[in-house]
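Everything below concerns the one structure shown next.
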Amino acid sequence: MKAFTYVNAANEKEAIAALQSAERGKMLPMAGGMDLLGLMKDYIVSPDRVVSIKGLDQTIAASDGGLKIGAAVKIADLAEHAAARKMFPALVTAAEGVGTPQIRNMGTVGGNIMQRPRCWYFRNEEFNCLKKGGSRCYAVEGENQFHAIFGDGPCHIVHPSSLAVPVIAYGGKFRVAGPNGAREIDAGEFFQLPNANLYGENVLQPNEIITHVILPAPGPSTALGASQRSASYEVRFKQSHDWPLASASVNLVMAGPTVKSARIVMGAVAPIPWRVQAAERVLAGKAITDAIATEAANAAVAGARPMSGNKYKIQIAKTAVKRAILAATRV
Ligand SMILES: Cc1cc2nc3c(=O)[nH]c(=O)nc-3n(C[C@H](O)[C@H](O)[C@H](O)COP(=O)(O)OP(=O)(O)OC[C@H]3O[C@@H](n4cnc5c(N)ncnc54)[C@H](O)[C@@H]3O)c2cc1C
3 MKAFTYVNAA
13 NEKEAIAALQ
23 SAERGKMLPM
33 AGGMDLLGLM
43 KDYIVSPDRV
53 VSIKGLDQTI
63 AASDGGLKIG
73 AAVKIADLAE
83 HAAARKMFPA
93 LVTAAEGVGT
103 PQIRNMGTVG
113 GNIMQRPRCW
123 YFRNEEFNCL
133 KKGGSRCYAV
143 EGENQFHAIF
153 GDGPCHIVHP
163 SSLAVPVIAY
173 GGKFRVAGPN
183 GAREIDAGEF
193 FQLPNANLYG
203 ENVLQPNEII
213 THVILPAPGP
223 STALGASQRS
233 ASYEVRFKQS
243 HDWPLASASV
253 NLVMAGPTVK
263 SARIVMGAVA
273 PIPWRVQAAE
283 RVLAGKAITD
293 AIATEAANAA
303 VAGARPMSGN
313 KYKIQIAKTA
323 VKRAILAATR
333 V
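Using the working numbering, read the sequence shown as starting at 3 and increasing by one per residue.
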C-alpha cells in the first residue's frame, strides 16, 4: 500500500477542510474503511491523504414526516431502528441483508452507498480495464456471470449498494457537502452510467461527501406508512457474506386495494440502481394479484441484454421483482 497521511475529522466542517484537493482521488474519505482499505491494498486507489469521516452525523432523526439518516450511521443501527422499520421496511430489509453482522457493525450508510463496484477485473490490479484507463472491458469476453444485464456498457459493472436501491424507490435524496457548500440531490439522479462517467459512478464532485440520506414522509394521510406499501427482495448465491445476484425494491402508494403509483428499482443488474418505469406502469391503477405481479416482473426485465455467462440473472431479477411486489402488499 502506498504511504499516506491520515486525518481524523471530528465533524463535517473538519472533513471538508481536510479533503480539499484539485486532483480527483488524491484525498479520500474513509468511513468504516472496509471497502477503501481493500482498494488501497490492491493499488486500485492510492490517495495521499485519508480523512476519517466517522465524526459525521451518526443519528437517525425525524424530518418533515420522513427520516434524515446521518452518513456515519452504522448499517446495523439502521437495521435495528424502530421508526425506520415502520416507515421504510424496504430499506431496513436491505440493511439486514448486507454481508454479515460484523460488516453491518463496521459499515456505514454513506460508505455503503459510495462503495466501489465489485467487478473482479476492476478490483484486480493486473487488469488495466476501461474503468482504470485501459482500452477494454474484460468482462465482455471473459468471466461475466455476475455482470450487468442492463446498461449497454461500455463497462459492465453492477452497482453494489443494497441500500441505494430502496432509497431510490422511496424517492429519497442525498445531502452532500463540499467546499462550495451543501446541496441535496435526488437519489435517482445521483448515480451515473459508464457512458456518462467511466471513472466514477456518481455526480459527486472530487471534494464532496454525502452527509445524510433524506427519506420523504411515507404519504399524506398515512400514520407511519398506512397507505404506502413497500418491500425489498434479494436473491443471493449464498445466504450471507456476499452481495445479491439481483434485488428489487418496490414502493406502492395505495388507494384502498388499488395501486395509485409505484416505484420499482432493481439492484445488481446494471451499473446503477435500475428503475423500471415500464413495470411501474403495469401496476398503476390495478389491484395486486399474482398475475399482475408476474406481468410487472416480465416488463421489468423486458429490455435485458445479457452477456455470455449471465443470462440466468434475467429469471432471478424477474423473481426478485415479483416477490418484492407481493411482499409489499403483505406489509
Ligand atoms: C464480504 C462482504 C459482503 C458484503 N455484502 C454486501 C451486501 O450484501 N450489500 C451491500 O450493499 N454491501 C455489502 N458489502 C459492502 C459493505 O457494506 C461495504 O463495504 C461497506 O458498506 C462500506 O462501508 P464503509 O463504511 O466501510 O465504507 P468505506 O470503505 O470507508 O468507504 C467506501 C467508499 O466510499 C467512500 N466514502 C465513504 N463514506 C463516504 C461519504 N459519506 N461520502 C462520500 N464518499 C464516502 C470512500 O472514500 C470509499 O471509496 C459487503 C462487504 C463485504 C466485505
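We put the CB at the ideal spot given by N, CA and C, even for glycine.
Selected residue, minimal CA-CA separation from residue i, among the options
| i | options | result |
| --- | --- | --- |
| Glu297 | Lys134, Lys324, Leu195 and Ser54 | Lys324 |
| Arg51 | Phe6, Pro220 and Ala270 | Phe6 |
| Lys76 | His158, Ser54, Asn107 and Leu328 | Asn107 |
| Glu236 | Glu82, Gly101 and Leu41 | Gly101 |
| Leu254 | Ala295, Ala270, Ala189 and Ile216 | Ala295 |
| Phe90 | Ala171, Leu30 and Ala306 | Ala171 |
| Ile62 | Cys121, Glu16 and Val94 | Val94 |
| Gly174 | Asn199, Ala280 and Asp66 | Asp66 |
| Met45 | Asn126, Val167 and Val261 | Looking at the sequence provided, one finds Tyr at residue 45 rather than Met. Here the closest residue by C-alpha is Asn126. |
| Pro275 | Pro119, Gly35 and Arg26 | Pro119 |
| Trp245 | Gly99, Asn199 and Val252 | Gly99 |
| Glu82 | Ala73, Pro103 and Ala12 | Pro103 |
Same chain, Cβ closer than 7 Å to residue i, five either side skipped, listed in chain order
| i | result |
| --- | --- |
| Thr224 | Confidence at Thr224 is low in this model, with a pLDDT of 47, below 50, so its placement is unreliable and no value can be given for it. |
| Ala179 | Glu14, Ile18, Glu210, Ile211 and Thr213 |
| Ser263 | Val255 and Ala286 |
| Arg87 | Val94 |
| Val47 | Gly27, Leu30 and Leu41 |
Cβ-based burial, residue i [other Cβ within 10 Å; buried from 16]
| i | result |
| --- | --- |
| Gln117 | buried |
| Pro259 | exposed |
| Glu191 | exposed |
| Thr291 | exposed |
| Tyr123 | buried |
| Ala257 | exposed |
| Ser242 | exposed |
| Ala228 | Low local confidence applies: a pLDDT of 46 at Ala228 is under 50, so the model's placement there is unreliable, with the coordinate-based value given in what follows. Classification for Ala228: exposed. |
| Leu226 | The predicted position of Leu226 is uncertain, since its pLDDT is 47 and thus under 50; a value taken from the coordinates is nonetheless stated next. So Leu226 counts as exposed. |
| Leu39 | exposed |
Cut-off 8 Å between Cβ atoms - residues of its own chain near residue i, not counting five sequence neighbours on either side
| i | result |
| --- | --- |
| Asn204 | Met116, Phe192, Phe193 and Gln194 |
| Gly155 | Cys139, Val142, Pro196 and Asn197 |
| Gly136 | Phe129 and Asn130 |
Neighbourhood of residue i by C-beta, 6 Å cutoff - its chain only, sequence neighbours within 5 removed
| i | result |
| --- | --- |
| Ala33 | Ile55, Thr110, Gly112 and Gly113 |
| Ala299 | Lys320, Val323 and Lys324 |
| Val160 | Ala150 and Ala270 |
Residue i - partner residues in DSSP beta bridges
| i | result |
| --- | --- |
| Lys76 | Thr110 |
| Gly180 | Gly183 |
| Asp188 | Lys175 |
| Lys70 | Ala63 and Ile216 |
| Pro31 | Val53 |
| Ala289 | Thr260 |
| Cys103 | Rather than Cys, the amino acid found at residue 103 in this sequence is Pro. DSSP lists no partner for Pro103. |
| Leu254 | Arg231 and Ala264 |
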